[in-house]
Amino acid sequence: MRQVNPELRASVAQSVLRNHGYLNATVNYKTIQQKNPKKAKIRYNVNFGHLFTVDTLEYIGFPAEADSLIRNTGKQAKIASGMPFDASTMDAERNRLAQLFRNNGYYYYQPNFASYLADTVAVPGKAKLRLQMAGNLPVLAKKKWYIGNININLRRQFMEQLTDSFCHRYFTVRFSGKRPPIRPRIILSDLKLRPRQQYSYDRHTESANKINGSGLFSSVEFQFTPRDTTGTCDTLDLDLSCTFGKPYDFYVETNYKNKINGRHGPELVVGIVKRNAFRGGEKLDINLHGSYEWEQGGNVNGNAGNTNSYEYGIDASIEFPRLIVPFLNRRQRFFTTPSTYAKLATNQLNRPGYFKMLTFATEWTYTWQKSDRWRHEFSPLTLQYQKLSRTTAKFDSILYANPYIETSMQDVFIPKMRYTLTYSSAMRSRHPFVWSVTLTESGNFLSLGYMAAGNKWNEAGKQLFNNPYAQFAKLETDISKTWTLAHKTHLVAHASAGLIYTYGNSLSAPYSEQFYVGGANSIRAFAVRSIGPGSYTTDVSRLSYLDQTGDIKLQLNLEYRFNIFGNLYGATFIDAGNVWALRDDGYRKGAKFELKNALKEMALGTGIGLRYDLEFLVLRLDWGIGLHVPYETGKSGFYNIPKFKDGQAIHLAVGYPF
279 MRQVNPELRA SVAQSVLRNH GYLNATVNYK TIQQKNPKKA KIRYNVNFGH
329 LFTVDTLEYI GFPAEADSLI RNTGKQAKIA SGMPFDASTM DAERNRLAQL
379 FRNNGYYYYQ PNFASYLADT VAVPGKAKLR LQMAGNLPVL AKKKWYIGNI
429 NINLRRQFME QLTDSFCHRY FTVRFSGKRP PIRPRIILSD LKLRPRQQYS
479 YDRHTESANK INGSGLFSSV EFQFTPRDTT GTCDTLDLDL SCTFGKPYDF
529 YVETNYKNKI NGRHGPELVV GIVKRNAFRG GEKLDINLHG SYEWEQGGNV
579 NGNAGNTNSY EYGIDASIEF PRLIVPFLNR RQRFFTTPST YAKLATNQLN
629 RPGYFKMLTF ATEWTYTWQK SDRWRHEFSP LTLQYQKLSR TTAKFDSILY
679 ANPYIETSMQ DVFIPKMRYT LTYSSAMRSR HPFVWSVTLT ESGNFLSLGY
729 MAAGNKWNEA GKQLFNNPYA QFAKLETDIS KTWTLAHKTH LVAHASAGLI
779 YTYGNSLSAP YSEQFYVGGA NSIRAFAVRS IGPGSYTTDV SRLSYLDQTG
829 DIKLQLNLEY RFNIFGNLYG ATFIDAGNVW ALRDDGYRKG AKFELKNALK
879 EMALGTGIGL RYDLEFLVLR LDWGIGLHVP YETGKSGFYN IPKFKDGQAI
929 HLAVGYPF
């Protein structure tokens with residue numbers, strides 16, 4: 279009983295009720311003895327009483343200009359007549375006024391500079407409120423302030439002495455060395471405060487968020503100081519001190535996949551990042567990657583296979599902290615710093631005994647946000663070229679017998695344009711929601727050029743650099759919703775879908791653009807590309823990894839995440855999905871999408887997993903268990919996995935699957 283302390287609990291409950299407007303609330307308790315003298319029950323009696331509401335609210339003692347601001351923003355007030363007499367609402371109104379004043383020059387004003395007086399007697403059951411500014415406020419808090427000189431201090435290390443400086447227009451840059459470590463205009467583009475401008479807390483916060491968000495600095499400090507101590511001074515000089523972080527980041531990423539259904543192998547990525555690469559805030563990233571994967575044992579059908587493969591490549595990318603667009607209005611306001619991303623990549627895939635495929639890719643992408651909810655990505659040019667550099671007679675016979683594979687793996691240019699729109703709920707939302715949609719087109723602008731030259735839009739055989747180019751339209755969408763059930767306990771639902779439609783110059787979509795399911799971030803009971811399309815399957819293991827892709831995709835996931843102890847979390851999940859062909863290709867029986875068969879052609883898996891949260895990354899181990907495959911296995915019933923051991927997969931990955 280001493281540990282429970284019912285008297286304290288009753289007192290706290292009564293205080294909470296009174297803070298919410300139940301001023302006459304009472305809470306008492308009674309101890310009820312049980313048959314066992316060592317046990318007792320406690321019964322709490324709660325009497326809410328009358329709920330007091332707000333009658334009127336007056337603002338008293340504010341300077342004339344501040345009082346004018348209050349009147350002009352009266353519709354935004356958090357308190358209105360008839361609302362509950364609630365302490366949290368009163369604090370919200372006081373904080374609103376503090377932010378309003380600070381956005382209009384009152385730099386030194388704080389919420390506690392005003393207090394409430396309440397009269398609960400004049401009108402029975404109601405409270406007459408007066409929000410009154412304190413009479414003994416500092417003089418600094420009662421007047422507006424304007425930005426004066428701006429000094430930007432750039433240090434490579436925290437204790438570095440600044441030996442050089444230069445003045446330009448309205449700011450002074452201090453640094454050490456022959457030239458500033460970064461072009462001043464890069465910082466000025468994120469700094470929204472200017473001399474002779476009225477101080478604004480929102481501009482101050484926006485500037486700090488953008489400069490910190492660049493990732494260039496280990497610390498950023500804004501210091502505002504009155505220019506002098508005279509009573510007439512209304513100018514704040516700003517000292518902005520920026521200390522650079524590490525110029526280089528070296529990273530190594532390793533991954534080892536070991537799936538019970540056969541395929542496993544290591545993957546390695548080694549890279550280096552140079553920050554502020556050309557003194558413009560750029561981030562240069564170069565990495566080498568390679569992987570080796572082999573298959574041994576059986577798959578769901580119990581067919582043995584021995585398909586080994588390896589790939590390697592190099593990627594080089596650079597990210598600019600601005601939009602590199604001709605004729606762009608530089609005065610446009612963004613919620614976060616926009617970026618321009620450029621990338622060059624090459625990759626070689628080797629399937630010994632079958633083929634070698636060489637892939638080149640370039641990308642140019644813009645990313646920007648006008649608000650905290652909506653994010654835009656636009657790639658005006660993404661050019662990819664895939665080429666079968668070598669094939670064997672065995673693989674040629676496969677292509678000859680399977681025209682769909684032959685078409686999808688031919689040498690081809692893929693000139694794409696892509697746009698992605700992402701919506702995210704408020705950052706502090708208890709039940710966050712994220713939705714994105716991506717629209718991609720390939721080859722249509724080139725086809726317009728051919729039309730201008732007299733060719734037909736749907737005419738096949740059009741070429742780019744003596745090679746055919748892909749022509750298609752692709753739509754993808756991804757939705758996830760998280761429900762917070764309790765502290766560190768969540769239920770997450772996820773859905774993704776896609777459709778690719780080929781026409782004109784393409785009979786089928788390039789292999790790299792087709793959809794697939796299975797793997798660590800999809801249906802975790804099955805390996806990558808081991809399900810579909812539709813009810814199609816092959817008993818030839820050498821083909822299974824190649825042709826189990828489709829033009830339509832639907833994937834559904836539900837995952838329950840809970841804390842075990844410390845930073846270790848557990849999860850249970852269920853995954854469903856498949857891919858389908860949009861057209862009948864003549865040889866993959868059951869691959870074409872038909873609405874009446876869609877539900878029964880969904881593969882289904884469940885499983886459990888562990889997640890270890892290192893704060894900067896999450897290590898994930900998932901054990902997927904197959905429940906249903908969409909094709910005939912010789913076993914009747916919904917659970918049609920022939921052998922339990924064949925319908926399993928283990929995935930070791932980094933990050934959450936969705």
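Quick note, in my numbering, the sequence shown goes up one by one and the last residue is 936.
From the three backbone atoms N, C-alpha and C, an ideal C-beta is built for every residue, glycine too.
According to the neighbour-count rule (16 or more other Cβ atoms, all chains shown, within 10 Å of its Cβ), is residue i buried or exposed?
i: A787; result: buried
i: Y917; result: exposed
i: A582; result: Confidence at A582 is low in this model, with a pLDDT of 43, below 50, so its placement is unreliable and the value that follows should be read with caution. When all chains shown are included, A582 counts as exposed.
i: V932; result: exposed
i: S359; result: exposed
i: T441; result: exposed
i: V282; result: exposed
i: I320; result: exposed
i: F743; result: exposed
i: G864; result: exposed
i: P811; result: buried
i: Y701; result: exposed
i: K537; result: Below a pLDDT of 50, predicted positions are generally treated as unreliable, and K537, at 44, falls in that range; the measurement from the model is reported next regardless. K537 comes out buried.
i: A805; result: buried
i: F528; result: exposed
i: V795; result: buried
i: V399; result: exposed
i: I919; result: buried
i: L471; result: buried
i: S667; result: exposed
i: D364; result: buried
i: Q574; result: Note on Q574: pLDDT 48, under 50, position unreliable in the model; the coordinate value appears next. The residue in question, Q574, is exposed, as its Cβ has fewer than 16 Cβ neighbours within 10 Å.
Are the CB atoms of residue j and residue i within a distance shorter than 8 Å?
i: A881; j: G855; result: yes
i: H567; j: G543; result: no
i: Q354; j: R380; result: no
i: P362; j: G299; result: yes
i: S617; j: T640; result: no
i: T850; j: I903; result: no
i: A748; j: N722; result: no
i: Q647; j: T614; result: yes
i: S657; j: M695; result: yes
i: Q501; j: D517; result: yes
i: R803; j: Q926; result: According to the sequence shown, residue 803 is Ala rather than Arg. Going by C-beta atoms, A803 is nearer than 8 Å to Q926.
i: W423; j: Y385; result: yes
i: G776; j: F750; result: no
i: P710; j: S703; result: yes
i: V620; j: S595; result: It should be noted that the sequence gives Ala, not Val, for residue 620. Yes, the pair counts as a contact, with Cβ atoms nearer than the cut-off.
i: F871; j: A859; result: yes
i: T816; j: E754; result: no
i: L335; j: L286; result: no
Tell me the DSSP bridge mates of residue i?
i: A419; result: None; A419 has no bridge partner.
i: P504; result: L514
i: D563; result: V551, S595
i: G383; result: According to DSSP, which records beta bridges pairwise, G383 is partnered with nothing at all.
i: W646; result: H654
i: L627; result: E589, M635
i: R898; result: R889, A931
i: S569; result: E545, E589
i: G904; result: G883
i: T398; result: Looking at the DSSP assignment, T398 forms no beta bridge with any residue, so it has no partner.
Round the Cβ separation of residue i and residue j to the nearest angstrom and send it over; I've been treating them as touching at under 8 Å.
i: A303; j: N325; result: 6 Å
i: K561; j: E531; result: Their Cβ separation, rounded to whole angstroms, is 17 Å, which puts K561 and E531 out of contact at 8 Å.
i: I465; j: C520; result: 7 Å
i: N427; j: R452; result: Contact flag wrong, Cβ pair sits at about 12 Å.
i: F673; j: Y632; result: 4 Å
i: T624; j: T637; result: 7 Å
i: R553; j: G493; result: 7 Å
i: I809; j: E791; result: I809 to E791, Cβ: 18 Å. No contact.
i: V896; j: Y934; result: 6 Å
i: T884; j: I852; result: 5 Å
Subject >> Ranges of the beta strand (DSSP E) found wholly within the stretch 314-373, counting only runs of at least 3 >> reply: 318-325, 331-338
Subject >> Segments of 3+ residues assigned as beta strand (DSSP E) that fall wholly inside the stretch 816-863 >> reply: 830-843, 846-858
Original post:
Can you list the alpha helix (DSSP H) stretches of 4 or more residues lying completely in the stretch 701-741, in chain order?
Top reply: 722-730
Original post:
Which ranges would you report for the beta strand (DSSP E) in the stretch 649-698 if only whole runs of at least 3 residues count?
Top reply: 652-669
Subject >> Whole runs of the alpha helix (DSSP H) within the stretch 405-472, excluding any shorter than 4 residues >> reply: 462-468
Original post:
Which runs of the beta strand (DSSP E) fall wholly inside the stretch 735-782 and span at least 3 residues, in chain order?
Top reply: 750-764, 767-780
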